[in-house]
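1 is the number of the first residue of the sequence shown in full-length UniProt numbering; add one for each residue after it.
Here the structure is laid out as structure tokens; the discussion comes afterwards.
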Amino acid sequence: MDRRETAALLAYIGRLDPRTIRTDPGEARDQLAQWHELLSNEDDDVPMATTHGWDARVVARRHIRTSPYQILPADVVRPWVSYRRDRLARHSDPTPPVDPDDQVAWTAALVSTRRAVAAGTAQPEQARAITTGRDGVDPKLKARLREIGSCIPPAARASLAPYRPARAAREAALAQGLPDALSVRCEWCLAQPGEPCRRRRIGPDDGARGTTPRATPHPGRLDLAAAQQGQQTEQAQQTAVA
């Protein structure tokens, strides 16, 4: 806030609260110098108004309406500090449009954005919420997934196959048109749908000593998945005939 804006703010306050008016030229000059010294600061200059919700006149009017005490410069500075703190708390640093290997430019871009947000000349950048469920997927992403068939490229899928044999066996079976064994519960090892079958080691007391994942499902689980697939196919045919 420059000296002229400070004088305008004091004139506005004087119209609302005549107690702040100084009729003596010397006292008026000292009052202006005091307010200007306290409102203007190199690190935290209080502006008259910003484009995003701050107005020193509104703050002064609110104080005069609600407080019986004569307004002081601190009654304007404190709301400004709260305004800055609130904006910075709602700001999440966006990725600067500079080379990330240039540390000086990267830091300067972050500092410049934060100062603009704190000064009220730019809006805080909110972090994007993580969407869940089918309704939260971007339509463009849906179209892209339908086009390529999977979010994992084929080369990456082939490279990952040795490290997840159960998933690779399941994908190979589905590609051949075989029933999805992992879509049903295994009656032998009690693996839930979506989980691979496990090999149980039985101790002398007939208790399970440990379990390790199997690359292929148990035969009984395959038979159960095939029966379920047959039922679904039969129901689909009956529905189509009806």
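Virtual Cβ for every residue (Gly too), placed ideally from N, Cα, C.
This structure is a prediction, so every number in the text was calculated from the model and none was measured.
Integer Cβ distance of R87 from A118, believed to fall under 8 Å: If you number the sequence shown from 1, residue 87 lands on position 87. If you number the sequence shown from 1, residue 118 lands on position 118. The C-beta separation of R87 from A118 comes to about 6 Å, placing the pair in contact by the 8 Å criterion.
- request: Could you say which of R19, R214 and L224 lies nearest to E187 if we only look at CA atoms?
  value: By one-based count along the sequence shown, residue 187 stands at place 187. Shortest Cα-Cα distance from E187 to any of R19, R214 and L224 involves L224.
message: So for P68, helix, strand or coil by DSSP?
response: For the purposes of this step, residue 68 is taken as residue 68 along the sequence shown, with counting starting at 1. In this structure, P68 counts as coil in the three-state DSSP scheme.
- request: Name the two residues that bound the continuous alpha helix (DSSP H) containing A191.
  value: The residue given as residue 191 occupies position 191 in the sequence shown. Under the DSSP assignment, A191 falls outside any alpha helix (DSSP H); it carries neither an H nor an E label.
field: Identified DSSP bridge partners for T212
entry: Here residue 212 is taken as the residue at index 212 of the sequence shown, counted from 1. Residue pairing by DSSP places T212 opposite R199 in a beta bridge.
message: Just verifying my parser: in three-state terms, what is the DSSP assignment at A127?
response: Working through the sequence shown from its first residue, we reach residue 127 at position 127. Taken through DSSP and simplified to helix, strand or coil, A127 comes out as coil.
Host alpha helix (DSSP H) of R84 (start-end): Taking the first residue of the sequence shown as position 1, residue 84 is located at position 84. In the DSSP assignment, R84 falls within the unbroken alpha helix (DSSP H) covering A74 to A89.
query: Can you tell me where the alpha helix (DSSP H) with Q176 in it begins and where it stops?
result: Counting from one through the sequence shown, the residue named residue 176 turns up at place 176. Per DSSP, Q176 lies in no alpha helix (DSSP H) segment and is marked neither H nor E.
message: For A175 and A226, I'd like the C-alpha separation in whole angstroms.
response: Position 175 of the sequence shown holds residue 175. Position 226 of the sequence shown holds residue 226. In this structure, the alpha-carbon of A175 lies about 15 Å from that of A226.
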